[in-house]
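These protein sequence lines map, in sequence, to chains A and B.
Those letters in the first sequence? Residues 11 to 124, by the working numbering.
Those letters in the second sequence? Residues 4 to 116, by the working numbering.
Read through the structure below, which is laid out as structure tokens, and then see the notes.
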Amino acid sequence: AQSVTQLDSHVSVSEGTPVLLRCNYSSSYSPSLFWYVQHPNKGLQLLLKYTSAATLVKGINGFEAEFKKSETSFHLTKPSAHMSDAAEYFCVVRSYNQGGKLIFGQGTELSVKP
Amino acid sequence: DAEITQSPRHKITETGRQVTLACHQTWNHNNMFWYRQDLGHGLRLIHYSYGVQDTNKGEVSDGYSVSRSNTEDLPLTLESAASSQTSVYFCASSESTGIDEQFFGPGTRLTVL
């Protein structure tokens, strides 16, 4: 069975400092991994996706993630946090059955202090 | 621009009532999904559809039903609303093949009193 574990339920950073949101995955097959962001009272927006083409994936708004098979990790990073980055972030793995459903981590809430 | 919409955005209902949440997408995607979002659980799959006349149960399907009469719409029905179904509901769609992202609607906040 596939699953993702987000290691922090809440991360707080100061504006201008780096962001690291941690995610470990479990999959019997080569996984398709995603990071989604949800701003307060909004829907989910895709930040980036890993589909085995390259281990370092660049997304929108300066975010990137590195797929590390040896560590079964897919951590999300950003060099410099902005106030607008404050949101809930979800690490997601795509299932190989049930219509390709998405399996979500429990989310990491990112707070950005001025 | 193509989009996915949900209505209503907010709904308050009473226990035992039947409720239908609408989802409409103009991406012309074959796959459509319904998820619910609850604190501590992330998003969980309720039902999904591969195409017209196709529906399938997800991991938390009890008390819910869907129907797919055309490509664009996948309404979610709560047969007899329960307080445990108070949640935020998200509809999503994706193309039928390949490694595709899912596009999400804005969500419906449902409160069952």
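The C-beta atom is built at its ideal place from N, Cα and C for all residues, glycine as well.
Would you mind sorting residue i into buried or exposed? The rule is 16 or more other CB atoms within 10 Å of its CB.
i             : result
residue 20/B  : exposed
residue 15/B  : exposed
residue 12/B  : exposed
residue 110/A : buried
residue 65/A  : exposed
residue 49/A  : exposed
residue 5/B   : exposed
residue 42/A  : buried
Please list the partners that residue i has in chain B, where partner means a Cβ-to-Cβ separation under 9 Å.
i            : result
residue 56/A : 104, 105, 106, 107
residue 84/A : Ordered by position in chain B, no residue passes the 9 Å Cβ test against residue 84/A, which lies about 15 Å from the chain.
residue 52/A : 109, 110
Identify the contact partners of residue i in chain A, using a Cβ-Cβ distance below 8 Å as the criterion.
i            : result
residue 97/B : 110
Which residues in chain B sit within 7 Å of residue i, going by Cβ to Cβ distance?
i            : result
residue 59/A : 104
residue 79/A : Per Cβ cutoff of 7 Å: no residues; residue 79/A is ~17 Å from chain B at best.
Assuming residue i contacts residue j under a Cβ cut-off of 8 Å, what Cβ separation, rounded to an integer in Å, is found between them?
i            : j             : result
residue 53/A : residue 109/B : 4 Å
residue 99/A : residue 77/A  : No, residue 99/A and residue 77/A are not in contact; Cβ-Cβ is about 17 Å, not under 8 Å.
residue 44/A : residue 104/B : 7 Å
residue 47/B : residue 63/B  : 5 Å
Using only alpha-carbon positions, find the residue among the options that is nearest to residue i.
i             : options                 : result
residue 63/A  : 40/A, 20/A, 51/A        : 40/A
residue 89/A  : 30/A, 19/A, 14/A        : 30/A
residue 54/B  : 8/B, 35/B, 6/B          : 35/B
residue 71/B  : 52/B, 82/B, 39/B        : 52/B
residue 83/A  : 34/A, 25/A, 18/A        : 34/A
residue 91/A  : 101/A, 73/A, 78/A       : 73/A
residue 91/B  : 31/B, 104/B, 24/B, 4/B  : 24/B
residue 77/B  : 68/B, 83/B, 84/B        : 68/B
residue 56/B  : 41/B, 73/B, 42/B        : 73/B
residue 81/A  : 32/A, 22/A, 28/A, 11/A  : 32/A
residue 115/B : 107/B, 5/B, 88/B        : 88/B
residue 96/A  : 38/A, 17/A, 118/A       : 118/A
residue 58/B  : 44/B, 82/B, 33/B, 46/B  : 33/B
residue 86/B  : 29/B, 61/B, 27/B, 41/B  : 41/B
residue 12/A  : 104/A, 124/A, 121/A     : 104/A
residue 124/A : 57/A, 15/A, 116/A, 27/A : 27/A
residue 120/A : 79/A, 106/A, 24/A       : 24/A
residue 122/A : 17/A, 47/A, 94/A        : 94/A
residue 56/A  : 97/B, 106/B, 10/B       : 106/B
residue 26/B  : 17/B, 38/B, 84/B        : 38/B
residue 36/A  : 14/A, 75/A, 87/A, 46/A  : 14/A
residue 7/B   : 96/B, 113/B, 43/B, 45/B : 96/B
Find the residues of chain A that neighbour residue i, judging by a C-beta separation of less than 9 Å, and give them in chain order.
i            : result
residue 77/B : Going along chain A, no residue has its Cβ under 9 Å from residue 77/B, so there is no contact; the nearest lies around 12 Å.
For the beta strand (DSSP E) containing residue i, name the first residue and the last one.
i            : result
residue 97/A : 97-104
residue 39/A : Element bounds for residue 39/A: n/a, residue is neither H nor E.
residue 48/A : 43-48
residue 85/A : 83-88
residue 75/A : 74-78
residue 56/B : Note, residue 56/B: premise wrong, no beta strand (DSSP E); not H, not E.
residue 95/B : 90-97
residue 68/A : 66-68
So residue i contacts chain B; which residues on that side make the cut at Cβ distance below 8 Å?
i             : result
residue 73/A  : The contacting residues do not exist; residue 73/A stays about 15 Å from chain B at best.
residue 116/A : 43, 44, 45
For a contact defined as C-beta to C-beta under 7 Å, what are the partners of residue i on chain A?
i            : result
residue 3/B  : Because chain B is modelled from 4 through 116, residue 3/B falls outside the range shown and cannot be assessed.
residue 24/B : Ordered by position in chain A, no residue passes the 7 Å Cβ test against residue 24/B, which lies about 14 Å from the chain.
Got a sec: does the ligand MG put a non-hydrogen atom nearer than 7 Å to the Cβ of residue i?
i            : result
residue 41/B : Among the components of this structure there are no ligands whatsoever, and the ligand MG is therefore not found.
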